[in-house]
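Under our numbering, read the sequence shown as residues -17 to 199, first letter to last.
Below you'll find the structure, written out as structure tokens, and then a few comments.
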Amino acid sequence: MSKKTATLNTLEPVPGTKVWPGLLSREAQEELVATFREQIAENPLYQPTMPKTGKPFSVSMTNFGDLGWVSDRTGYRYEDRHPATGRLWPPIPEGLRALWAGLTGYDAPPEACLLNYYGPHAKMGLHQDRDEKPLDAPVLSISLGDTAIFRLGGLERKGTTQSFKLASGDVMMLGGPSRLRFHGIDRILPGTSTLLEKGGRLNLTLRRVTDPARANN
Ligand code: SIN
Ligand code: MN
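And the structure:
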């Protein structure tokens, strides 16, 4: 995947939160969208629901990799199969694996790539990513399509937050002291990108789920 130089334009709003604005070229973004479009028939978006209440999320999801994040009445967890089709998830595209290796420096590959699709009214409440074992591994996030207003909090649900925009091609990492920061999406700004034919936003998050230092976890 072609990309601009990773180190030149890195923002670090708080320690451990890194943003590379416009890191992915338009060509690289189109390549990723084409890959997802090819696979969508066999790996369709599904509507996750909140544990206990069964309330549907406003985003729809699918996954790539050995493990995928799912949520239903039973809870949040990683599974190796799509909840609707029962098929194994398709592999994480090579370009994204290379991006993880280049930006995170983590000594094991990502196991999960969660794809969230945001329509014009979708959002995501403040939450922590804490279903993964090795918390020394960062979460790497790639934004495609319409710009989103991203909200970044602290390590407690209550407390001050800040917001910034994530545009198509931006890459963000939550690692180190920011790994467990609360975060969410306030809203997307419809019509801000021409990348997706029908508009909306795709977010991809690459995660290491199991601890590479331990055999069975
Ligand atoms: C997430 O926290 O899973 C998604 C964040 C985003 O859409 O940028
Ligand atoms: Mn998250």
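Note that the Cβ used here is the ideal one computed from N, Cα and C, for glycine as well.
Quantities reported herein were computed from a predicted structural model and do not represent experimental measurements.
Look at Arg55 here: in three-state DSSP terms it is coil, with no helix or strand label. Shown here, Gly50 sits in a strand according to DSSP, grouped into three states.
In the structure shown, Glu(-6) adopts extended strand secondary structure according to DSSP, grouped into three states. Counted as a single uninterrupted DSSP element, the alpha helix (DSSP H) harbouring Phe18 occupies residues Arg8 to Gln21. If you draw a straight line from the Cα of Thr187 to the Cα of Gly36, it is about 24 Å long. In this model, His103 and Trp51 are separated by some 22 Å (Cα to Cα).
In the DSSP annotation of this structure, the continuous segment of the beta strand (DSSP E) that includes Leu122 starts and ends at Val121 to Gly127. The C-beta distance from Pro116 to Arg190 rounds to 5 Å, short enough to fall under 8 Å. Approximately 7 Å separates the beta-carbon atoms of Ile167 and Tyr100; this is inside 8 Å, confirming the contact. The C-beta distance from Asn25 to Trp71 rounds to 7 Å, short enough to meet the 8 Å contact threshold. In the three-state reduction of the DSSP assignment, Glu93 falls in the coil class. Set against 7 Å, the gap from the CB of Asp111 to the closest heavy atom of ligand 2 is smaller. For Trp82, the enclosing alpha helix (DSSP H) begins and ends at Glu76 to Thr86. Burial of Gly157 is indicated by the presence of at least 16 other C-beta atoms within 10 angstroms of its C-beta. Taking Arg183 as reference, the option from Ser123, Ser145 and Thr142 with the minimal CA-CA separation is Ser123.
Collapsing the DSSP output to three states places Ser42 in a strand.
Contact annotation: Ile74 and Gly107 have beta-carbon atoms that are not nearer than 8 Å.
By the C-beta criterion, the region -1 to 14 is judged not to be in contact with the region 54 to 61, since fewer than 3 inter-stretch pairs fall below 8 Å.
Arg169 has its alpha-carbon roughly 13 Å from the corresponding atom of Leu134.
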